[in-house]
Amino acid sequence: MHHRSAWRLVAGPAAAIAAALSLTTPVLAAAATTLDVELTAVTLGVGAQTPIETLLSASPAATLVSPTVRYEISGLTGVTVVSEDSYCESFSGTVLVCARPFELEVGPSPEAGHFGVALKASGSAVAGESGTLTATFGADGVTEATDQVTITVADDVDLAAGESYALGVTPGEAFTASLRVTNTTAKVVRGADVRSHAGYAFEAAEKFSNCVYREDDRLTGCVFEHDLLPGTTYEVALPFTLRKDTMAPGASAGEFEWLTAGDHTDDRKATTAGTLRLTPVASAGRAPRTGGDPEDSWQAVTVNATGKQGADIAAVGTQVHGEAGAVVDATFGLRNNGPATIDSSRPGDAAGVVLVTVPSGTTVTKVPESCSVAEYDRTDLDAVQYYCGVGPLFPAGETVTWTFGLRIATVQVDATGAVESNPACQCARFDQDIDRSNDRAELIVNPAGRGALPIAGPRGVMIGLTGALLLAAGIAAFLMVRNQNNTVANDPAETKPQR
0 MHHRSAWRLV
10 AGPAAAIAAA
20 LSLTTPVLAA
30 AATTLDVELT
40 AVTLGVGAQT
50 PIETLLSASP
60 AATLVSPTVR
70 YEISGLTGVT
80 VVSEDSYCES
90 FSGTVLVCAR
100 PFELEVGPSP
110 EAGHFGVALK
120 ASGSAVAGES
130 GTLTATFGAD
140 GVTEATDQVT
150 ITVADDVDLA
160 AGESYALGVT
170 PGEAFTASLR
180 VTNTTAKVVR
190 GADVRSHAGY
200 AFEAAEKFSN
210 CVYREDDRLT
220 GCVFEHDLLP
230 GTTYEVALPF
240 TLRKDTMAPG
250 ASAGEFEWLT
260 AGDHTDDRKA
270 TTAGTLRLTP
280 VASAGRAPRT
290 GGDPEDSWQA
300 VTVNATGKQG
310 ADIAAVGTQV
320 HGEAGAVVDA
330 TFGLRNNGPA
340 TIDSSRPGDA
350 AGVVLVTVPS
360 GTTVTKVPES
370 CSVAEYDRTD
380 LDAVQYYCGV
390 GPLFPAGETV
400 TWTFGLRIAT
410 VQVDATGAVE
420 SNPACQCARF
430 DQDIDRSNDR
440 AELIVNPAGR
450 GALPIAGPRG
460 VMIGLTGALL
470 LAAGIAAFLM
480 VRNQNNTVAN
490 DPAETKPQR
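What follows is the structure in structure tokens.
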């Protein structure tokens, strides 16, 4: 029969379309959290105690449950790892486990200050001996990260830093951090390190072969392979630029710590300049003394940004469509329109927060880890609201987004929620927005009279192919009926006799 041929005519294309349709369904995998921990090599004087800087990070940003860091020393005599934190427990002096009893928010930028841990060398420690310090960072449901550095025991000497000072600089302008260090003991010090704990605003203007830098051009530290004579003061000039996107007016602190020589070679980056050197300062020495004082090894350089430069933080809303019972993804966010970057790294606060009001007729099924139900400082007591936080650094020109899963319980035309940027609160929060007109945006489910939103991506392709498949089926049905009619008209056996 001819109608079978008609079905064959469209069966091939229809099957191809159906196969293509099955291929357009995306297979999405949730991004796993990757932890990282970084230690810095330490040179420890006999009888001295030195803090351990532990940098923690997670990519993507995550709220960690039951975070722990395990420290272990090996290969050293008379050296222990200690902490005064109540949630840190020591095992035989060489192992210390710090388990925080509450959640920890960690972002992709390495941050210190979460654990107060130090190395302590007793009188039985052996000068010249080297060992290792291993740190293992973990939390519930994520893979642990480990780092290991060298610990060296040295003679008990003291390097005293210069006096702290402040200066005024315009964003984008070059400046110099002038540092001084004095060997206050009666022994020659064989080399020295300076570690930089400077904020984001301190951008390295030059890079030297004996210094270490982060990817964002922040100085980590420098190694000086000079002998420092007893009672002699030395100075070094570190060239910086105050980043052009620095908030002004405002203060950015750079803290510099002097230590006896350690090892910074593991993270050394390509350089554009020669070797940075210490220069003796005439008639600026101190009387030699015995015994180190770790409190005098720090020098602070505070840069007061002059002028006026703020940040405009705008709320980013969205519109979504769906039928009753459907779960839709609603992506909203904050954008820093600049011109200034917000840096809250020092206090460790979020550089920005968003308050989300859930539209009526919907329930939340999925929430990012950096978001939580709003219990305080709510703007709508009759609605469900969530707070979401940006990391400690919010660069100018960057947009941060969050995606909620919303189940549509009942279809309501123009079900409207809200996205609010940094609403007022009795707390430490960014409150210097230079344009408040864009601090609120709408989150609308099933908008009416606003024009249907275009359907793009895999879902759009799937809908298009579904339409093509239905069209092919319609053509097949039409051809089948037509061929049946032709057969009846031309078949003599089917022709009734005329009377």
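With numbering that gives the first Met the number 0 as the guide, the letters of the sequence shown map in order to residues 0 to 498. Glycine included, each C-beta is placed from N, C-alpha and C at the ideal position.
Item: Status (buried if at least 16 other CB within 10 Å, exposed otherwise) for V372; Value: exposed
Item: For F223, the residue or residues it bridges with in DSSP; Value: A191
Item: Sequence-distant residues of the same chain with beta carbon closer than 8 Å to Q48, five excluded per side; Value: V81, A117, L118, K119, A120, P293
Item: N- and C-terminal bounds of the beta strand (DSSP E) containing C370; Value: 370–372
Item: Cβ-heavy atom distance, G190 to the ligand FAD, below 8 Å; Value: By its list of ligands, the structure shown contains no ligand whatsoever, and the ligand FAD lies outside what it can speak to.
Item: Helix, strand or coil at S436 according to DSSP, with G and I counted as helix; Value: helix
Item: Exposed unless 16 or more other CB atoms sit within 10 angstroms - verdict on V125; Value: exposed
Item: G306 beta carbon less than 9 Å from that of T364; Value: no
Item: Range of the contiguous beta strand (DSSP E) that encloses P109; Value: Where P109 is concerned, there is no enclosing beta strand (DSSP E), given that its DSSP letter is neither H nor E.
Item: Inter-residue Cα distance where the pair is T378 and A31; Value: 33 Å
Item: Residue closest to D275, alpha-carbon to alpha-carbon, out of G309, A236, D244; Value: Note that residue 275 is Leu in the sequence shown, not Asp. The option with the nearest alpha carbon to L275 is A236.
Item: Buried/exposed call for T409, threshold 16 Cβ in 10 Å; Value: exposed
Item: Of the listed residues E368, A395, L392, nearest to Y386 (C-alpha basis); Value: E368
Item: Residue of T42, L227, M246, T184 minimising C-alpha distance to G171; Value: M246
Item: Residue interval of the beta strand (DSSP E) (run including P50); Value: 48–51
Item: Which residues DSSP lists as bridging V353, in chain order; Value: C387, S420
Item: 8 Å contact criterion, which F255 and V193 should meet: CB distance rounded; Value: 5 Å
Item: Validate contact between the segment 133–145 and the segment 74–91 using beta carbons, cut 8 Å, 3 pairs; Value: no
Item: Boundaries (first-last residue) of the beta strand (DSSP E) holding E205; Value: Premise fails: E205 is in no beta strand (DSSP E) and is neither H nor E.
Item: Option nearest E224 by Cα separation, candidates Y199, F207, A191; Value: A191
Item: Endpoints, the beta strand (DSSP E) within which R69 is located; Value: 67–73
Item: R179: first and last residue of the uninterrupted beta strand (DSSP E) it sits in; Value: 173–182
Item: Span of the beta strand (DSSP E) around F239; Value: 232–241
Item: Residue from G230, S163, T39 whose Cα sits closest to the Cα of L279; Value: At residue 279 the sequence reads Pro, which differs from the Leu that was named. The candidate whose alpha carbon is nearest that of P279 is G230.
Item: Assumed close pair L132, V148 - CB separation to whole angstroms, cut-off 8 Å; Value: 6 Å
Item: Cutoff 6 Å; reference D84; Cβ partners in own chain excluding five residues on either side; Value: G115
Item: Sub-9 Å separation of D376 and L354 beta-carbons; Value: yes
Item: C-alpha distance - A417 paired with F331, whole-angstrom precision; Value: 10 Å
Item: Rounded distance between the beta-carbons of S251 and F174, thought under 8 Å; Value: So it is not a contact: roughly 11 Å between Cβ atoms.
Item: D348, DSSP secondary structure in three states; Value: coil
Item: Contact check, P338 vs D244, beta carbons under 9 Å; Value: yes
Item: Identity of the residue in A329, L392, R435 nearest V366 by Cα; Value: A329
Item: For D531, three-class secondary structure by DSSP; Value: Residue 531 is absent from the structure shown; the chain starts at 0 and stops at 498.
Item: D157 in three-state terms, based on DSSP; Value: coil
Item: Residues near E102 in its chain [Cβ-Cβ closer than 7 Å; skip 5 each side]; Value: T62, L63, V64
Item: Beta-bridge partners of A304, as assigned by DSSP; Value: V168, G249
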